[in-house]
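Colleague:
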Amino acid sequence: MATATFRIWRGDPNGGKFHEYVAEAAPGMVVLDAVHAIQASQANDLAVRWNCKAGKCGSCSAEINGMPRLMCMTRLTQLTLDKPITIEPMHTFPVIKDLVTDVSRNFRAKIQIKPFKPRKPDAPDGTWRMAQPDVDRVQEFRKCIECFLCQDVCHVLREHHLHDKFWGPRLYVYSAALEMHPLDVEDRSGELRGAGGIGYCNITKCCTKVCPESIKITDNAIIPLKERVVDHFYDPLSRLFRAFGAK
Amino acid sequence: MPEFETHEHDVLVIGAGGAGLRAAIEASAAGVSVGVVTKSLLGKAHTVMAEGGIAAAMANVDDRDNWKVHFADTMRGGQYLNNPRMAQLHAQEAPARVKELEAWGALFDRTSDGRILQRNFGGHKYPRLAHVGDRTGLEMIRTLQDHGIHRGIDVHMECTIITLLKDGERVAGAFGYDRERGRFKLFHAKAVVLATGGIGRAYQITSNSWEYTGDGHSLAFHAGADLLDMEFVQFHPTGMVWPPSVRGVLVTEAVRGEGGVLLNKDGRRFLFDDIPPLYKNQTADNPEEGWRYTQGDKDARRPPELLTRDHVARCIVREIREGRGSPHGGIFLDISWIKEKLPNSAEHIKRKLPSMYHQFKQLADIDITKEPMEIGPTTHYMMGGVRVDGDTQMSSVPGLFAAGECAAGLHGANRLGGNSLSDLLVFGKRAGENAARFAKEHGATQINSAEAQAAARRAVEPFERASGEGPYQVQSDLQTMMQTHVGIVRREEELQKALEEIAKLRARAGQASVGGNREYNPGWHTALDLENLLTVSEAIARSALDRKESRGAHFRDDFPSKDEAFAKANTLVRKGLDGAMQVTRVPAQEMPAELKQIIEEMK
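Sequence order for the protein chains is V and Y.
Quick note on my numbering: the first sequence kicks off at 162 and runs consecutively.
Quick note on my numbering: the second sequence kicks off at 40 and runs consecutively.
(1) Classify Glu250(Y): buried if its beta carbon has 16 or more other beta carbons within 10 angstroms, exposed otherwise.
(2) If contact means a Cβ-Cβ distance below 8 Å, which residues of the stretch 272-290 of chain Y contact chain V?
(3) Could you give the residue range of the beta strand (DSSP E) that holds His275(Y)?
(4) On the DSSP bridge list, what partners appear for Asn609(Y)?
(5) Residues in the stretch 200-212 of chain V with C-beta within 8 Å of chain Y's C-beta atoms, listed in sequence order?
(6) If I measure Cβ to Cβ from Val280(Y) and keep anything under 8 Å in the same chain, skipping five residues before and after, which residues do I get?
(7) Check distances from the C-beta atoms of the stretch 545-576 of chain Y to those of chain V and list, in chain order, the residues that come in under 7 Å.
(8) Based on the DSSP output, what are the partners of Cys198(Y) in its beta bridges?
(9) Output needed for Ser552(Y): all residues of its chain with C-beta closer than 6 Å, excluding positions within five of it in sequence on either side, in chain order.
(10) Using a Cβ-Cβ distance cut-off of 8 Å, determine whether Lys408(V) contacts chain Y.
(11) List, in order along the chain, the chain Y residues whose C-beta lies closer than 9 Å to that of Cys372(V)?
(12) Whole angstroms are fine: how far does the CA of Glu639(Y) sit from the CA of Arg269(V)?
(13) Buried or exposed for Asn267(V), going by 16 or more other Cβ atoms inside 10 Å?
(14) Contact check, Ala135(Y) vs Ala474(Y) under 8 Å by CB: the rounded distance?
(15) Starting from Arg595(Y), follow its DSSP beta bridges and name the residues at the other end.
(16) If contact is defined by three or more beta carbon pairs under 8 Å, each pair taking one atom from either stretch, is the stretch 418-429 of chain Y in contact with the stretch 447-457 of chain Y?
(17) Would you say Leu345(Y) and Asn159(Y) are within 8 Å of each other, going by their C-beta atoms?
(18) Sort Leu193(V), Lys258(V) and Leu323(V) by Cα distance to Phe179(V) and report the nearest one.
(19) May I ask you to verify whether the stretch 170-185 of chain V touches the stretch 527-536 of chain Y, counting CB pairs closer than 8 Å and requiring at least 3?
(20) Rounded C-beta distance between Ile248(V) and Ala284(V)? I'm assuming under 8 Å.
(21) Just list the residues that DSSP pairs Met421(Y) with in beta bridges.
(22) Less than 8 Å separating the beta-carbons of Thr574(Y) and Ser257(Y)?
(23) Could one say the Cβ of Val87(Y) lies closer than 8 Å to chain V's Cβ atoms, at least one of them?
(24) Quick one, which residues of the stretch 185-217 of chain Y are near chain V if we go by CB-CB under 9 Å, in chain order?
(25) Could you compute how far the alpha carbon of Ala201(V) sits from the alpha carbon of Ser461(Y)?
(26) Assign Asn609(Y) to buried or exposed, taking buried as 16 or more other Cβ atoms, counted over all protein chains shown, within 10 Å of its Cβ.
(27) Closer than 6 Å by C-beta to Asp263(V): which residues in its own chain qualify, once you throw out the five before and the five after it? Chain order, please.
(28) Could you tell me which residues DSSP pairs with Ser222(V) in its beta bridges?
(29) Return the chain-ordered list of same chain residues with a C-beta closer than 6 Å to the C-beta of Glu178(Y), the five sequence neighbours on each side being excluded.
(30) Comparing the C-beta of Ala142(Y) with each C-beta of chain V, is any distance below 8 Å?
(31) Note the first and the last residue of the continuous beta strand (DSSP E) segment covering Thr238(V).
(32) For Leu569(Y) versus Gln514(Y), is the C-beta distance shorter than 8 Å?
(33) Please report how far the alpha carbon of Ala198(V) lies from the alpha carbon of Gln522(Y), in whole angstroms.
(34) Identify the contact partners of Phe179(V) in chain Y, using a Cβ-Cβ distance below 8 Å as the criterion.
(35) Interface residues of chain Y around Asp146(V) at Cβ under 8 Å?
(36) Please state whether DSSP places Pro366(Y) in a helix, a strand or coil.
Okay, here's the thing in structure tokens:
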């Protein structure tokens, strides 16, 4: 059977280096299979985070040959096997150990965003009526599996480390899902502009490129949110209306 | 004596899937302090993989539906071994639980008049599953997660419980360790809710994630709680079979709900050849009628592909065994054929089954809109679990509750698709509510620190054994053994053999060693999981040995028919005073007259 060489980064917050492992490359294998095989036979304590192994939970994010990807959805046949395959933890987040990073800041940022607030029910039995096309728009954002690859690739976080000033693509997708929810009546433009720092995004669309769920993050979530912020804070007419008490 | 990092909660919930989060939300709403312990990050639990939908008789699509029909369907599917009280509460309360999710932000697919759309599923008489394409589980867990984070619940992520602690008869907390640092943590609580999910990782071919190691089953057993119905393991008929690395990954029943058909290598829809008497009146006898049913014709009966999972899985095994399987040892599931019926069928399939389309395209190079899939049975769900009171979800240990897959009762001998997500919501809520009430009504507990010390000492033993095989080999041998001897088709000698093997594996597990340090060490975690896997494996094998008949998901080659002697009995497993596992039979819960009447009316 064919084999492949894997260069896996191993270490902890104090540093680390690449270790080379040779593993079998069986038909249909994904990178996570190879990592598991190495873990089972050569490195029992190799740390990797994973759950579903079917692209549904977003746990096994890593950088494979420099590209942010899910290990469970990257097949070996998509890669060149005559050179070693490099597997590293996501660069944007602090390393815990080996391929596992500390993504807790994403959870902390999420709590800052105002929760869903529905309008009054449409029917006496407490239910609502929504048209499928209105739902479709938001369902795109709700496909997000929180793999945080978009956060990983975003240069505002990765290069400029503006973690405290910029929520990042995942949390804009989350905000968009709330803001465009047919039932939601909350207004989040204030914090999107302020604590959320959406203005730092200069729409390079890297997040859209790496999204394993093919969510059009920049076009469908971030740009419309930026427009909302602009309408709300910089449009002279709406400022005038607000001055007279309308929302 | 080392001090452990200690956390105090009124209610401790173990598990953060649908049931755990729903329980935590409810307990917190009752005004008690709540902690949730999860082995993974928040929002990654196995619920995320549920695809088809949430069963609830809302009657949005077919106004003939109501809780009584849902109740009767659930009981029939479970071969009447279900706890009838749980089946009743489940059918009655599921619609309110689904509507509540919508009020918390879930966005289900819609009917043309804007209400929640419902789809057909196996064993459900009417279209009943509220859904979001084929990613309903993700919608559900995200909704609960995003609602839950604003409730003041303490979440302990990537933390594993290794034992429950008791104060006399009553549960007093739990002891575990955090993965990141490998440090022990002690949770002191007045009530504990187990919501740990299933046991699929005891088998080689499974749709379940690594977390499904029967933790709740095993923790409860060792704490002295009763387990019930452990012989009933659901093998989902349709898991992927090729390529090898994705073997077992689930292919949703919704494929069949949308018109997909099962074919053997000769192209024959073999399920028409074998329709069980209990379902004869409700099943189409020709392909045309079956197709009309999937397209919403209220006068049509369901196609045989939508018979219960136990039956469909066994028919598939038969076709494969008799040499009529597909090239890679499965059979064919075809949805592409609907192009004969629908213009734009490719778009239709991608819209109705988006993740199936991507799953096959990305992992198997198969375009399901153009060609059939190869599928075969995969270990999917545990009907058995902690025996609980139908109303409160409390186990036989005071203060210890269980909800969702790790609890027994609702599904009897076989679960209907869609009834698991509704189970999580209905009984998650009930468990949370009753755990909170229990915590309020009962005073504080005392922790016996010697118990925690002993657990801590045992837990680090794998590091102290200088040499010994690694835990992965033991785990893998156990999985292969269970697949071979305690799989879909069982017999006396095989089950006896399984028990012998379990004893040997237990000895090996006791000698397994791990290297490295305690920080984020998956080898160590695997070593600690072995105890749980061995406990549930033994419970399954012993229960299967005791039920000398075939019923629901439990099929005995040596006793292929139903036996009246077992028709009204559940298998009970508990830890004897000597520490050994004891199996007894208990009479099934008696059904009150009004429920009996519903069953009669719906025959």
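Cβ atoms here follow ideal geometry from the backbone N, Cα and C, with glycine treated the same way.
Values in this document were obtained by computation on a predicted structure and should not be read as measured data.
Modeller: Looking at the coordinates:
(1) Within the second sequence, residue 250(Y) is the residue found at index 211, counting from 1. Looking at its Cβ environment, which holds 16 or more other Cβ atoms inside 10 Å, Glu250(Y) is buried.
(2) Trp281, Pro282, Pro283, Ser284, Val285, Val288 and Leu289
(3) Your numbering for residue 275(Y) matches position 236 in the second sequence. Note, His275(Y): beta strand (DSSP E), Val272 to Met279.
(4) On the second sequence, position 570 is the one that residue 609(Y) refers to. Answer by DSSP bridge pairing, in chain order: Val625(Y).
(5) Gln200, Ala201, Ser202, Asn205, Asp206, Leu207, Ala208, Val209, Arg210, Trp211 and Asn212
(6) For the purposes of this step, residue 280(Y) is identified with residue 241 of the second sequence, where counting begins at 1. Excluding residues within five positions, the ones whose Cβ falls inside 8 Å are Arg286, Ser365, His367, Gly368, Gly369, Glu413, Ile414 and Gly415.
(7) Val553, Gly554, Gly555, Glu558, Tyr559, Asn560, Pro561 and Gly562
(8) Within the second sequence, numbered from 1, the residue matching residue 198(Y) stands at position 159. Paired residue(s): Asp217(Y).
(9) Within the second sequence, the letter at position 513 stands for residue 552(Y). Taken in chain order, the residues that qualify are Pro501, Arg504 and Gly507.
(10) In the first sequence, residue 408(V) corresponds to position 247, counting from 1. Confidence at Lys408(V) is low in this model, with a pLDDT of 46, below 50, so its placement is unreliable and no value can be given for it.
(11) Position 211 of the first sequence, counted from the start, is the residue given in the question as residue 372(V). Ordered by position in chain Y, no residue passes the 9 Å Cβ test against Cys372(V), which lies about 13 Å from the chain.
(12) Start at 1 with the first residue of the first sequence, and residue 269(V) comes out as number 108. Start at 1 with the first residue of the second sequence, and residue 639(Y) comes out as number 600. Approximately 54 Å between the Cα atoms of the pair.
(13) Translated into positions along the first sequence, residue 267(V) becomes position 106. Asn267(V) is buried by the Cβ-count criterion.
(14) Residue mapping note: residue 135(Y) aligns to position 96 of the second sequence, counting from 1. Residue mapping note: residue 474(Y) aligns to position 435 of the second sequence, counting from 1. With 8 Å as the limit, Ala135(Y) and Ala474(Y) do not qualify as a contact, their Cβ atoms being about 20 Å apart.
(15) Walking along the second sequence from the start, residue 595(Y) turns up at place 556. Per DSSP, Arg529(Y) and Phe598(Y).
(16) yes
(17) Position 306 of the second sequence, counting from 1, holds the residue named residue 345(Y). Position 120 of the second sequence, counting from 1, holds the residue named residue 159(Y). For Leu345(Y) and Asn159(Y), yes; Cβs fall inside 8 Å.
(18) Counting from 1 along the first sequence, the entry for residue 179(V) is found at position 18. Minimum Cα distance to Phe179(V) is reached at Lys258(V).
(19) no
(20) What you label residue 248(V) is simply residue 87 of the first sequence in a count that begins at 1. What you label residue 284(V) is simply residue 123 of the first sequence in a count that begins at 1. So it is not a contact: roughly 52 Å between Cβ atoms.
(21) Position 382 of the second sequence holds residue 421(Y). Its beta-bridge partners are Val272(Y).
(22) In the second sequence, counting from the first residue as 1, residue 574(Y) sits at position 535. In the second sequence, counting from the first residue as 1, residue 257(Y) sits at position 218. In contact: Thr574(Y) and Ser257(Y) (Cβ atoms closer than 8 Å).
(23) Against the second sequence, residue 87(Y) aligns to sequence position 48. It does: the Cβ of Val87(Y) has a partner Cβ on chain V nearer than 8 Å.
(24) Asp185, His186, Ile188, His189, Val194, Met196 and Glu197
(25) Here residue 201(V) is taken as the residue at index 40 of the first sequence, counted from 1. Here residue 461(Y) is taken as the residue at index 422 of the second sequence, counted from 1. The straight-line gap from Cα to Cα measures roughly 37 Å.
(26) Locating residue 609(Y) in the second sequence gives position 570, where the first residue counts as 1. When all chains shown are included, Asn609(Y) counts as buried.
(27) Working through the first sequence from its first residue, we reach residue 263(V) at position 102. For Asp263(V), where only same-chain residues beyond five positions count, the Cβ hits under 6 Å are Phe254, Pro255 and Ile257.
(28) The residue labelled residue 222(V) in the question sits at position 61 within the first sequence. The partner list for Ser222(V) (beta bridge, DSSP) reads Leu231(V).
(29) Translated into the one-based positions of the second sequence, residue 178(Y) becomes position 139. Once the five neighbours on either side are set aside, the close Cβ partners of Glu178(Y) are Ala145 and Val171.
(30) Numbered from its first residue, the second sequence carries residue 142(Y) at position 103. Taking Cβ atoms only, chain V reaches closer than 8 Å to Ala142(Y), which makes this a yes.
(31) Residue numbering aside, residue 238(V) sits at position 77 when the first sequence is read from its first letter. From DSSP, Thr238(V) is part of no beta strand (DSSP E); its letter is neither H nor E.
(32) The sequence position of residue 569(Y) within the second sequence is 530, counting from 1. The sequence position of residue 514(Y) within the second sequence is 475, counting from 1. Yes, the pair counts as a contact, with Cβ atoms nearer than the cut-off.
(33) Translated into the one-based positions of the first sequence, residue 198(V) becomes position 37. Translated into the one-based positions of the second sequence, residue 522(Y) becomes position 483. Answer to the nearest angstrom: the Cα atoms are 20 Å apart.
(34) As a first step, residue 179(V) must be located in the first sequence, where it is residue number 18. By Cβ distance, chain Y contributes nothing, its closest Cβ being about 18 Å from Phe179(V), past 8 Å.
(35) Limits of chain V in this structure are 162 at one end and 408 at the other, which puts residue 146(V) out of reach.
(36) Against the second sequence, residue 366(Y) aligns to sequence position 327. Coil at Pro366(Y), not helix or strand.
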